[in-house]
Every structure is written in structure tokens, then in C-alpha cells.
Amino acid sequence: MSWAETIRTGLAAIRSHATRSVLTVVGILIGIAAVILTVGLGLGTQKDVSESISSLGSNLLIIRPGSAVSLEGVRGGFGSLASLTMDDAAALGSSTAAPDIAGVAPEASTGVSLENGETNWTTTVTGTTVAWPLVRWRGLLQGEFFSQSDAAAMANVVVLGSETAQELFGTAWAVGRSLTIDSVTYEVIGVLAEQGSSGNTNLDDLAVVPMETYVANISPTTAAVQTIYLQATSQATLSAAYQEAETLLLNLHGITEAGSADFSISSQDALVSTATAVYRTLTVLLVAIAAIALLVGGIGVMNIMLVSVTERTREIGLRKALGAKPNAIRRQFLVEATTLGLVGGVLGAGLGVAGGLALPGVLGSSIVISWSAVFLALAVAIGIGLVFGVYPATRAAKLAPVDALREE
Amino acid sequence: MAETRVIRLTEVRKTYSSGDIQFEALRGVSLEINQGEYVAVTGPSGSGKSTLMNILGCLDVATSGRYEIAGQDVSRMAEPELADIRCRWVGFVFQQFNLLASMPAWRNVELPLCYAGVGPAERKRRALAALADVGLADRVNYRPGQLSGGQQQRVTIARALVTGPALLLADEPTGNLDSTSAREILSIFDRVHHEGRTVVLITHDRDVARRADRMIEVRDGLILDRSRSSLVVAP
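Those protein sequences? They're chains A and B, same order as listed. Under numbering that gives the first Met the number 0, the residues of the first sequence are numbered 0 to 407, in order. Under numbering that gives the first Met the number 0, the residues of the second sequence are numbered 0 to 234, in order.
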């Protein structure tokens, strides 16, 4: 019996018990779609997390002051020491001493009240340098960031976060408007593009002024820099930049031993790898659940095939009496089982991909459709048909024609 | 001589065992059937008649003894080879018709040709010719459920003959039919016989059996030959 003939017979058999076939196919379909969606969800979440981390600046190094030790020997938290200065920042910006550092943004911040006539809004005002948008990966929605000459002139200019602008002016389009901080009037020259939030810090609610203006007008008492953000030239030079910064600052602070440094340098790398590991575990878990769904689907195929063999014992006997060899019978049932697997697989892959495209809009989390997962799932679906079809098919092939014919 | 012997059974025994109990259905049967003979096998139920028919049709193998069909010893053959023998040498007509309900008549008739490896166009041509031979040229696209019992049995005869087998083996072919249909079917057997085919008909109906050239009676696993031309030695 030719393959075409075998396939035609198999399809006819599937059609002859349509309801059962559909239910079996649905079982496999759900399994396959679940695999594709869960893998996609896992990958999507991983992508989201690494993107939001790299939006903080993937080449970013953060230098914070060390902890202060009181006279009684009580050690304060990191950052409690006022050990970083604008001189440190300037030194780190030198391209000869630190060739792997692309940008330096020292930051000093304090909480202030911004006023626009009757409206006032309390937020964090940050003094920094012109390199800040580059180092912190911030773009502008409108207007521009302050320039070197603004800084040198201690100009009363401010760049606002989009939310801050919204709160003060009722619109994010606030360039050209003015506001007052401690009765000093500032001109809004730029509004930052939206960034969302990082941890519990709202990155869209802030005001940025030149460091010189900040020191002169806002917080004259503390000349200290609270944080220095460094941008390495690339991800690859991150550790070189780390070394350069550490050596430079130890020298500047006259410290010989790295262990007693009065500052600390951290990067986002540890955060990225932790998050990745968490999501990998999550993906493995989801895939395991999906695999169980597939197994259940496979057992469904085996069940329907066993029922089919039992129900058609007489037909098998007849076919054998008419000259069908055991192999022809086995092939017929395998084709039937594989077809169920294949149909379920194709429909499941379709549903999975469609779900992967439609769900992100509903769930708000992205789903990355992995084509290798789609093809693997298809192969598994066909494999399920084959593997779970073998036992029923072999049982059919082994039936003695005389017994099979006697069956009522 | 060997060519004219379609069937030769020598001391064939068949024992069924179920647990410790052994039941000997055939207890040393020897039988020869010539090319073109019309033989009726009769006997009460439980006599071993069905076992004999299964062995003759290569649906079952003997426990001991030798069976040759068309000169080939099939007594030690494995299932795949037996399938080939059935396909090429034996045509079956069953009491229950055993037609596949989901297929039209001509598809049922072409089924043995599928297993014989005949191409689709040739299959259809031969299936239609075989159906025309049994007077069903106008019913080829009917499904078994749309045909009367007599017509269904004619479809099975067409299916049995489509491969041109050496032996037509019919098991109670009229058992499920009214007398008119039964007469029609038997006249087809007569015609098939006159065309020179070997026909073995198993029946418990004496009237049916009398139409054959030769009558073989099976009792308690042994055969008593009631042939008009006494060829076979009864043990």
C-alpha cells in the first residue's frame, strides 16, 4: 500500500470520528501554545528587565562617598561621608588620566519647593554638569540642556522632568516659562523625555540646574558632591574604567590602601546578572509546566488511538484478510496518530504566535516569540503523535486476523 | 499433477490451549481440492469447520501437518508472508459481509488491490469491472448502508474476485440473506465455478451444500467425504 493511500486512509479514519479527533487535537494545541507563550513570556520579561536596567546606563559606574566613622567608632552608612568634590569629578573627566571614561556627571541634590505663582511643587533639585544627559542616558522632550557657558555664568536656568513640568505648569511643554526657588527666578530651558521609575525613584520628577548655580543659590553650605556617575566608553571597558577611577580617587584622596577607601564604586552588572538568573529560573519553571501540558496531550493521543484500535478490530482483521501486512496496519495507525499531532501542533503554534502578538497589549508585558521554540514545539507535537501512536499501532499490527475478524 | 491441486492438506492438526485446557479442533485432516472444483464443507457448529476454513484461508496456521496452496507450503509461514498469500491466492466472502461502511462500494472492492500494490487507475478500472460482473455497475458509488443485504454480499464477492484468486472461500455466504437474495448469490457462485475457479463454500445448510460438486462433512475435528467422485480418503 502506497504512502498516499495510507495517508488517505488515515485521514478518512480521523474524519470518521471527528469529535474525538477534535478533542485530541485541542489537547495538543493547548500544550503547544502554552509552550510557545510561556517561553515567549519568559524571554520577554528578561528583555524588559535588561532594557530597563540598561536604560539606567549599562556602561554606568556609580561612585558614592564612603561611610563616616564617628568619634565613638560608630560607622555610618555609605554616603554619609562628604568625601567627593568637584575636583574629583574634574580629574575623572581628564582623558589622559582616565581614557576609558567617556563622561562624568557629579550630582548634588536637595529637596526644594518650586513655585509658579500660586502653584508650588516640592521635588529634588540636582546640580550637575553638562555631561549629565549623556551619562544618565536622558533625552530631552523639548528645549535643550544647559550649556557650558550657562554653567560658567551661573545662569538661573533649570531643566525639568516631564512630571514636574506637568505639575507646575499643567503641561509638559514648559520651555520659556519661569519658576522661583527660594525667591530666585529661573528660566525653564528644557524638559526631559519620560523615563519611568527606577526602584522607588521617580525619574520624571526632578529639576536639574548647573552645579555652579546649585552651589551659589540653592545649597551654598555643602560644596560636597553626593554621587559621581561615570560613563565608560563601552561595556567592554567598564572594568578598565573602574580601575582608572579607583586609582585616581585613591591618589587624590591620599589613600594608599584600597581597603580604607573613603568612597565606593558600583556598577549595574550585578543587578543585571541577578535579574537574568531570576528570569531564567522562571522560564524553566514555565517550560516545565508547558511540558506537562504536552505530556497530557500525548497521552490523549495514545488514548484515542487505543480506542480507535479497539473499535476497529474487525476492520483491521478484514484488512489483514484482504492482504494487509502487519507493517501496513502499523503505518496506517502511525499516520493517523502523527496527523493528529501535526494538526494540533500547527494550530497550537498558530495560536501561540497569535497570542504572542496580541497578549502584550493586554498584559502590558512583552512576549518574545522564539522561532526556535515554535519549531521545536512543532517537532515535539509530531513526535508525540509518533511516540504515543507506536503502542496502539503495534497492538493493531499484532492482532491475529482470525481473532480480529471474530470480534463483534 | 501439482498444478491442478489448488489445496493439499496433510495430517493437519490444530490445538487451542487456554491455560491448562487443551482443545483439539482438528485432529489430523487430509484433504485435496483440485483446480476448478466446487466444494461444500458442512458440519454442525463446534465440529472444527470454522477452524478448517481459517486454515484454508491462511488466516490461521496449523499446529502440525502440512498445508500447500497452489503448490506453496504455507504451514510454516510468518504473518507477513501469509498476508501475501491471502492477497494473491485467496478471496474471502464472509457471512457478515465485512464491508467498510465509510467507503463507497468501488472503494471497498479495490481494497485488496491496494495491498497488492496495484496503481490507482488500474485499481479503479478492475474494481468497476468486478462490480459490473456481479450486476452492480449502477451501484458503484453507493455506500454499504445504502445497499440491500444481497447487494452487499455481491460487493464482497466482487471484492473477493477482483485480485483473480486461485481460491474463493465463502463462509456461510447466505446465512444473513433472505431466500431470494440467497438464490442470487448462489447462482453467482455457480457462474464463478463455471468460469473455472475453485470455490470452497462453508455452510450448515444442506440445500446450499448440494449445489457443490463435492460435499465434505466435518465432525469432531475429522472429515467425512461425501463426494460424488470419491477422491479423498477419510481417516
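Quick reminder that beta carbons are idealized off the backbone N, C-alpha and C, glycines included.
Item: If I measure Cβ to Cβ from Ala90/A and keep anything under 7 angstroms in the same chain, skipping five residues before and after, which residues do I get?; Value: Ala96, Leu247 and Leu251
Item: By DSSP's criteria, Arg65/B is part of a beta bridge. Which residues make up the other side?; Value: Thr9/B
Item: With 16 other CB atoms within 10 Å as the buried threshold, where does Tyr66/B fall?; Value: buried
Item: Can you list, in chain order, the residues of the stretch 85–104 of chain B whose Cβ is nearer than 7 angstroms to any Cβ on chain A?; Value: Arg85, Cys86, Phe91, Asn97, Leu99 and Ser101
Item: Looking at Ser177/A and Asn115/A, is the spacing between their C-beta atoms short of 9 angstroms?; Value: yes
Item: Let me confirm a value: Asn53/B is counted as buried when at least 16 other C-beta atoms fall within 10 Å, else exposed. Which label applies?; Value: buried
Item: Give me whichever residues DSSP pairs with Ile235/B in a beta bridge.; Value: There is simply no residue 235/B to check, as chain B begins at 0 and stops at 234 in what is shown.
Item: Pro64/A bridges to which residues according to DSSP?; Value: Phe262/A
Item: May I have the straight-line CA-CA distance separating Arg306/A from Lys46/A, to the nearest angstrom?; Value: It is worth fixing the name first, because residue 306/A is Val in this sequence and not Arg. For Val306/A and Lys46/A, the distance between alpha carbons rounds to 46 angstroms.
Item: Could you give the distance in angstroms between the alpha-carbon of Gln234/A and the alpha-carbon of Val48/A?; Value: 17 angstroms
Item: Only counting runs of 3 or more residues, tell me where the beta strand (DSSP E) segments fall wholly within the stretch 181–240 of chain A, in order along the chain.; Value: 183–191, 206–209 and 226–231
Item: Please report whether the beta-carbon of Glu335/A lies at a distance below 9 angstroms from any beta-carbon of chain B.; Value: no
Item: Examine the Cβ distances between the stretch 124–133 of chain B and the stretch 193–201 of chain B and report whether three or more of them are shorter than 8 angstroms.; Value: no
Item: Tell me which same chain residues have a C-beta within less than 8 angstroms of the C-beta of Ser218/A, skipping the five on either side of it?; Value: Ala107, Thr109 and Gly126
Item: For Glu4/A, decide whether its Cβ has a neighbour in chain B, counting only Cβ atoms nearer than 9 angstroms.; Value: yes
Item: To the nearest whole angstrom, what separates the beta carbons of Val300/A and Ala336/A, a pair I think is in contact under 8 angstroms?; Value: 6 angstroms
Item: Report all residues from its chain with a CB closer than 6 angstroms to the CB of Gly30/A; omit the five preceding and five following residues, and keep chain order.; Value: Ala292, Leu293 and Gly296
Item: Are the beta-carbon atoms belonging to Arg137/A and Gln194/A less than 9 angstroms from one another?; Value: yes
Item: Is Met304/A helix, strand or coil by DSSP?; Value: helix
Item: Hey, Gly316/A and Leu404/A: beta-carbon distance below 9 angstroms or not?; Value: yes
Item: DSSP three-state call for Leu230/B: helix, strand or coil?; Value: Summary for Leu230/B: the model assigns pLDDT 46, below 50, so the residue's position carries little reliability, and this model does not support an answer.
Item: For Glu78/B and chain A, any beta-carbon pair shorter than 9 angstroms?; Value: yes
Item: Looking at chain A, is there any beta carbon in it that lies within less than 9 angstroms of the beta carbon of Thr197/B?; Value: no
Item: Strictly below 7 angstroms CB to CB, what residues from chain A border Ala82/B?; Value: Lys319, Gly322, Ala323 and Lys324
Item: Using a C-beta cutoff of 9 angstroms, does Asn359/A count as contacting chain B?; Value: It should be pointed out that residue 359/A corresponds to Pro in this sequence rather than to Asn. Not one chain B Cβ lies under 9 angstroms of Pro359/A.
Item: Can you check whether the C-beta of Ala233/B is within less than 9 angstroms of a C-beta belonging to chain A?; Value: The predicted model places Ala233/B with a pLDDT of 42, which falls under 50 and marks its position as unreliable; any figure quoted below should be read in that light. No - not a single Cβ of chain A is within 9 angstroms of the one on Ala233/B.
Item: Short check: CB of Phe93/B to CB of Pro172/B, under 9 angstroms?; Value: yes
Item: Using the Cβ count rule (16 or more neighbours within 10 Å means buried), how would you classify Arg14/A?; Value: exposed
Item: For Pro164/B, which of helix, strand or coil comes out of DSSP?; Value: coil
Item: Select from Val361/A, Gly189/A, Gly169/A and Leu133/A the residue whose C-alpha is nearest the C-alpha of Asn155/A.; Value: Gly189/A
Item: Going along the chain, which residues of the stretch 375–407 of chain A sit with their C-beta nearer than 8 angstroms to a C-beta in chain B?; Value: Ala399, Pro400, Val401 and Leu404
Item: Under 9 angstroms between C-beta atoms, does Pro143/B make it to chain A?; Value: no
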